[in-house]
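S.K.:
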Amino acid sequence: MGCSGCNTNNDLDRPAMLGVYDWLDDIPDTTNESNIVEIRFKGTRKEFFLNEEGIHLKRDELVVVSCSPGHDVGAVSLTGKLAELQFKRKVKKPERYEWNKIYRKATPTDVIKWEEAKARENKVMIRARQLANELKLNMKIGDVEFRGDNNKAIFYYIADDRVDFRELIKLYAREFAIKIEMKQIGARQEAGRIGGIGSCGRALCCSTWRTDFSSVTSDAAIKQGLSPNAEKMAGRCGKLKCCLTYELDHYLEALEDFPHELLAIETDKGLARHFKTDILQKKVWYSYSQSDGGRVFVLDLEDVKKFLNMNKRGQKPSFEGYNEPEAKKENMMNVGELDQKYFDKPVVKKNRNNRNRRPNRPPEGKVQEVRAQENKPQGNRPVVNKASENRTSENKPNENRQHRNRPRPNRNRPQVNKGPRPDNTAPKE
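Residue numbering for the sequence shown follows the working numbering, starting at 428 and increasing by one per position.
1. Going straight from the alpha carbon of Val-538 to that of Ala-657, what length do you get?
2. From which residue to which residue does the beta strand (DSSP E) around Trp-712 run?
3. Near Lys-743, what residues of its chain come up, given a Cβ to Cβ distance below 6 angstroms and the 5 sequence neighbours on each side ignored?
4. Determine, using beta carbons only, whether Trp-541 and Leu-484 come nearer to each other than 9 angstroms.
5. In whole angstroms, give me the CA-to-CA distance for His-701 and Leu-690.
6. Mind checking Tyr-583: buried by the 16 CB within 10 Å criterion, or exposed?
7. Within the continuous alpha helix (DSSP H) that includes Asp-537, where are the two ends?
8. For Met-428 and Asp-570, I'd like the C-alpha separation in whole angstroms.
9. Leaving aside the five residues before and after Glu-821 along the sequence, list all residues of the same chain whose C-beta is less than 8 angstroms from its C-beta, in chain order.
10. Excluding the 5 residues flanking Ala-647 on each side, which residues of the same chain have their C-beta closer than 6 angstroms to its C-beta?
11. Report the three-state DSSP secondary structure of Leu-631 (helix, strand or coil).
12. Given 8 angstroms as the limit, is there contact between the stretch 555-572 and the stretch 586-599, that is, 3 or more CB pairs closer than that?
13. Please determine, among Lys-732, Lys-469, Leu-735, Gly-665, the residue with the shortest C-alpha to C-alpha distance to Ala-402.
14. Counting Cβ pairs, one atom from each stretch, are 3 or more of them under 8 angstroms apart for the stretch 593-603 and the stretch 613-624?
15. Starting from Gln-651, trace the alpha helix (DSSP H) in both directions and tell me its first and last residue.
16. Quick one: Cα of Gly-741 to Cα of Asp-730, how far?
17. Relative to the C-alpha of Gly-625, which residue among Gly-662, Val-491, Ile-482, Thr-704 is closest?
18. At what residue ranges does the stretch 658-701 contain a whole run of the beta strand (DSSP E), taking only runs of 3 or more?
19. Could you pull out every residue in the same chain whose Cβ sits closer than 7 angstroms to the Cβ of Cys-494, ignoring the five residues on either side in sequence?
20. Taking just the CA atoms, how far does Lys-732 sit from Phe-724?
21. Does Lys-519 pass the burial test, meaning 16 or more other C-beta atoms within 10 Å, or should it be called exposed?
22. To the nearest angstrom, how far is the alpha carbon of Lys-668 from that of Arg-637?
23. Is the Cβ-Cβ distance between Tyr-524 and His-498 less than 9 angstroms?
24. State the CB to CB distance for the pair Leu-562 and Glu-594, rounded to an integer number of angstroms; the pair is presumed to be in contact (CB under 8 angstroms).
25. Look at Lys-739 and Asp-727 and say whether their C-beta atoms are less than 9 angstroms apart.
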């Protein structure tokens, strides 16, 4: 589900795969202003077609379009004025663009045949990889896309060098009985077609909205003050993350205020060296050497420039009055670990042999019911008020009560051999 302007739920492919927001959704229909329609196919593939028949189309509606030769099935992503603007933005040479037209809206028969073609893609891709390995070709089949008429398939592959796959195409045509088209893509394009979750916890940019893949260098991370960790800077494609360039312009603009090189500052207490910079906040960290105490100070960029100019004039500034950075206390919750105070709590053992434990008493309402049942006459027997009997027998000793203060017999006392007992059954003289 989503708002009226975005398409995040459709039957063509994965949700939100290069979805398009319709900025003109709340204004009158602009479909008649242009006959250009943007059609989206599997993965990140999009093409532009002409609606020469003037068919009324809506977003996410399946249509049948012409190909060379045959036909294909795709979903409408943009129409009208927005499709025309998108065409001008993406197509560099519009006069050389090969236009195809839209035949009709997809019928149930077209949809069934298209779904049958899609069901073959996974099995064909696995078999295609096996055939490529048998020929020992240095390439990887990343994805397979069948056309809507089930007569042609596009095999997307990745290769570092030039690959001679003429023999491979013959094997594919003989094995799958279809027309074969091989298309080379890069690692970023493959990640966009497959999709996934990035280290930020969100869907990959290349599979949701990013279409242009400009080169990303490690210099972008260095200028932003990021640690040069290859594992953290690499994305799911194995290349540098595209998001390293998202804030690069802001950092380059802020770096214009910094000097070309942050030199060490000679102070009245020794030499202070630069070791850290916050580019956006324009803060600079300086520290003394261990022989001078190793203290750390946070200076503003303007103060650093002033101190460097003082050193050029032979003056030694003082860092007194500048704050030292406070150690940040990290609030981290260790899941699955116990607090140390848990083991310092005294353990109270329950006395299970408590003889003074009283039996559970019934609730007040049930006490009266029990007493009424006891006083209920049974047959011809006279009614006896047991409550009065209990009052008369309160002061009487209980014969069956155990004497708790009575010493227990010593069971481990040795048996004394007293000899045989006299036989009482013998006749008396």
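Note that CB positions come from ideal geometry on N, CA and C, so glycine has one too.
M.R.: Taking the definition as stated:
1. 45 angstroms
2. 710-715
3. Glu-693, Thr-694, Asp-695
4. no
5. 7 angstroms
6. buried
7. 535-546
8. Summary for Met-428: the model assigns pLDDT 41, below 50, so the residue's position carries little reliability; its value from the coordinates is reported in the next sentence. If I take the Cα positions, the gap works out to 28 angstroms.
9. Legend: pLDDT at Glu-821 = 49, less than 50; position of this residue unreliable, value from coordinates given subsequently. Around Glu-821: no qualifying Cβ.
10. Leu-671, Thr-672, Leu-675
11. coil
12. yes
13. Nothing about residue 402 can be reported from this structure: the residues present for the chain run from 428 to 856 only.
14. no
15. No alpha helix (DSSP H) holds Gln-651; DSSP gives it neither H nor E.
16. 17 angstroms
17. Gly-662
18. 692-694
19. Asn-527, Arg-574
20. 15 angstroms
21. exposed
22. 12 angstroms
23. no
24. 6 angstroms
25. no
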